[in-house]
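**Student:** In our numbering, the protein residues as written are 5 to 148. Quick reminder that beta carbons are idealized off the backbone N, C-alpha and C, glycines included.
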Amino acid sequence: MSEKSSRTSEFALPVRVYIEDTDAGGIVYYVNYLKFMERARTEYLRSLGYQHYGLAKENYQFVVHSCQVRYRKPGRIDDDLRVSARLTNLGRATLMFAQQVTRDGELLCEAEIKVACVSADGIKPTALPAPLFAMFKAQVEELG
Numbered sequence: 005m006s007e008k009s010s011r012t013s014e015f016a017l018p019v020r021v022y023i024e025d026t027d028a029g030g031i032v033y034y035v036n037y038l039k040f041m042e043r044a045r046t047e048y049l050r051s052l053g054y055q056h057y058g059l060a061k062e063n064y065q066f067v068v069h070s071c072q073v074r075y076r077k078p079g080r081i082d083d084d085l086r087v088s089a090r091l092t093n094l095g096r097a098t099l100m101f102a103q104q105v106t107r108d109g110e111l112l113c114e115a116e117i118k119v120a121c122v123s124a125d126g127i128k129p130t131a132l133p134a135p136l137f138a139m140f141k142a143q144v145e146e147l148g
C-alpha cells in the first residue's frame, strides 16, 4: 500500500527488505536502493493514473538521465522501509525527483534523480504527454 501526502506532493511506498536484497552479511546491497526508488517512482506514476506499458503504447518512455546518491546508514534484512518520491522540478521532457529511503524515520539513503521522457521507438527526447505534464505541473506549483 502506498501513501500520497497532498500537503507536500510526496509519494511514499513501503518496502520490506528480503534476503535477495542483501549481501552475504544481511546488509542491503547498494544498488538495490535505486531499485526501491524506481519502484516508488513507478507507483507514483500509477497513482496518477498512468502505467509504463500504456505510455509505451503511445510512444513514450521514461529513462534515468542521471542520479546523485548518498548512502547514510545500512538497511538490513527484514527491515520495513519507507521509500519516498517527491517531484522537485519539471521541464517539458524532464522530471527531477528527490527521493529518500528511511527506516522508522531514520534516513538510510537519499538521491536526486533526473528522469527524461523519450520516444519509445527512437529513444530520443520528447515532451511529456500534455495531460501528464499538467498533473506534474500542478504538483510542482503546490510546492510553491
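Pairing CB atoms from the stretch 46 to 64 with CB atoms from the stretch 73 to 82, are three or more of them under 8 Å?
**Tutor:** no
**Student:** What do you get for Ala138, buried or exposed, if any count of 16 or more other CB atoms within 10 angstroms of its CB means buried?
**Tutor:** exposed
**Student:** For the stretch 22 to 82, which segments carrying the beta strand (DSSP E) assignment without a break, of at least 3 residues, lie completely within its bounds, in sequence order?
**Tutor:** 64 to 75
**Student:** By DSSP, does Pro133 sit in helix, in strand, or in coil?
**Tutor:** Pro133: coil per DSSP, three-state reduction.
**Student:** Which two residues bound the contiguous beta strand (DSSP E) that contains Arg90?
**Tutor:** 84 to 94
**Student:** Nearest CA to the CA of Val32: which residue from Lys141, Arg107, Ala89?
**Tutor:** Arg107
**Student:** Given 8 Å as the limit, is there contact between the stretch 126 to 133 and the stretch 74 to 92, that is, 3 or more CB pairs closer than that?
**Tutor:** Fewer than three beta-carbon pairs drawn from the stretch 126 to 133 and the stretch 74 to 92 are found closer than 8 Å, and the two stretches are therefore not classed as touching.
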